[in-house]
Amino acid sequence: MSSPKVWINGKLFDKADAKVSVYDHGLLYGDGVFEGLRIYGGKVFRLREHIDRLYESARAIKLEIPLSKEELIAAVGSTVQVNAKSQGYVRLVVTRGAGSLGLDPRKTSDPQVIIIVDDISLYPPELYEHGMDIVTVATIRNHPDALSPRIKSLNYLNNILAKIEAIQAGCLEALMLNHKGEIAECTGDNIFLVKRGVLKTPSLEAGILEGITRNSVIELARAAGIPVVEGPLTRHDVYTADECFLTGTAAEVIPVVKCDGRPIGLGKPGPITRQLRERFHALVLAD
Ligand code: PXG
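According to our numbering, the stretch in the sequence shown is residues 141 to 427, in order.
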């Protein structure tokens, strides 16, 4: 495969030449926002939703993206085409831009708008078949009044610290609680439970990212007549659930069969998880 072409502020660069300044506040302070999108059959899934979320993240950190949504959508389309990818991943990044060595965002100029089109690394296929084992970690999700998890910012240390704990415990994903001790989300995925035929997931008030895969799965479930409840959930709800799965652009819909050493339900992927996974696969191809 030829080297990926990276779009930066309107120009295309080979991967090796795609660079930003070491004075960029995205690097110095994690001052910026991003999106992770997925290409299915040459088309970006839910592009409009990702663009809307990117602009909302930017608005929340008072960062003005120097092009319109329509211009950015067109740039994503052309970069996907140039890279001739029919399946893959798109990373959109907007940094605050280069500035002096101080926090003040007014000292920055030229925000960098970056579009990377590359391959996505998936969990091993066995995990989709047999389900994954997750662990609750001590690192709580960012307090929403400190740094809202609704903002997909370039500072992912909260999630990375949780991921390190999960790996230390021999798991690939961490279940993060919020400041109230409720279930929030995993490091790069939202979480769902099934109990007596009802699909349950933390509401946005839990302090989570409003996942685009999450929203698609909620829509699919409702359309299939599966009741969906968004509200506070505890670890007890996870331990006593019939089924559990995670959703995310990278993970898609992946079953969870164990949490903190407790098998969930029968300890294997359940029928509602399987059904929603199939419906999600059909949706990404149709959308
Ligand atoms: N919670 C968090 C904290 C996330 O970062 C999700 C939930 C799921 O949201 P979506 O909209 O994807 O359903 C995410 C998304 C990566 C990567 O490279 C991470 C995400 C998405 C794509 C790629 O690790 N996180």
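Backbone N, C-alpha and C fix where the C-beta goes; we use that ideal spot for every residue, glycine too. Owing to the predicted nature of the structure, the values given are computational and were not obtained by experimental measurement.
Test item: CB-CB of residue i and residue j under 8 Å
i           : j           : result
residue 235 : residue 172 : yes
residue 251 : residue 203 : yes
residue 353 : residue 387 : yes
residue 322 : residue 306 : no
residue 205 : residue 253 : yes
residue 317 : residue 290 : no
residue 239 : residue 259 : no
residue 257 : residue 152 : no
residue 262 : residue 174 : no
residue 309 : residue 255 : no
residue 393 : residue 271 : no
residue 293 : residue 197 : yes
residue 327 : residue 177 : no
residue 191 : residue 230 : no
residue 325 : residue 349 : yes
residue 295 : residue 279 : no
residue 407 : residue 381 : no
residue 213 : residue 187 : yes
residue 288 : residue 200 : yes
Neighbourhood of residue i by C-beta distance below 8 Å, restricted to the same chain and skipping five residues each side
i           : result
residue 182 : 220, 225, 226
residue 399 : 273, 274, 275, 276, 315, 375, 378, 379, 384
Range covered by the alpha helix (DSSP H) that runs through residue i
i           : result
residue 178 : From DSSP, residue 178 is part of no alpha helix (DSSP H) but of the beta strand (DSSP E) over 172-180.
residue 301 : 297-308
residue 424 : 411-426
residue 168 : 165-169
residue 285 : From DSSP, residue 285 is part of no alpha helix (DSSP H); its letter is neither H nor E.
residue 267 : 265-270
residue 350 : No alpha helix (DSSP H) contains residue 350, which DSSP labels as neither H nor E.
Limits of the unbroken beta strand (DSSP E) element including residue i
i           : result
residue 432 : With the chain covering only 141 through 427, there is no way to say anything about residue 432.
residue 385 : 383-388
residue 324 : 323-326
residue 185 : Per DSSP, residue 185 belongs to no beta strand (DSSP E) and is neither H nor E.
residue 314 : 313-317
residue 228 : 228-235
residue 210 : Note, residue 210: premise wrong, no beta strand (DSSP E); alpha helix (DSSP H) at 209-222.
residue 331 : 330-335
residue 241 : Taken as a continuous stretch (DSSP letters only), residue 241 belongs to no beta strand (DSSP E), as it is neither H nor E.
residue 377 : First-last for residue 377: 375-379, but that is the alpha helix (DSSP H), not the beta strand (DSSP E).
residue 247 : It is not in any beta strand (DSSP E) - residue 247 carries neither H nor E in the DSSP assignment.
residue 162 : Run containing residue 162: none; DSSP gives neither H nor E here.
residue 154 : 151-154
residue 339 : 338-341
Same chain, Cβ closer than 7 Å to residue i, neighbours up to 5 away in sequence not counted
i           : result
residue 448 : Given that the chain is displayed from residue 141 to residue 427, the structure contains no residue 448 and the question cannot be resolved.
residue 420 : 356, 357, 360, 392, 393
residue 169 : 243
Close beta carbons around residue i, own chain, < 6 Å, minus the five adjacent residues each side
i           : result
residue 412 : 334, 383
residue 189 : 352
residue 160 : 252
residue 154 : 143
residue 330 : 351, 354, 387
residue 372 : 322
Inter-stretch contact (C-beta, 8 Å, three-pair minimum) for the stretch 363-370 and the stretch 334-342: Pairwise C-beta distances place the stretch 363-370 in contact with the stretch 334-342, as three or more of them are shorter than 8 Å.
Touch test, the stretch 159-166 against the stretch 237-246, Cβ-Cβ under 8 Å, three pairs minimum: Yes, they touch.
Beta carbon nearer than 6 Å to a non-hydrogen atom of ligand 1: The set of residues whose C-beta lies within less than 6 Å of a heavy atom of ligand 1 reads, in chain order, 176, 299, 325, 328, 329, 330, 349, 351, 352, 353, 354, 387, 388, 389, 390.
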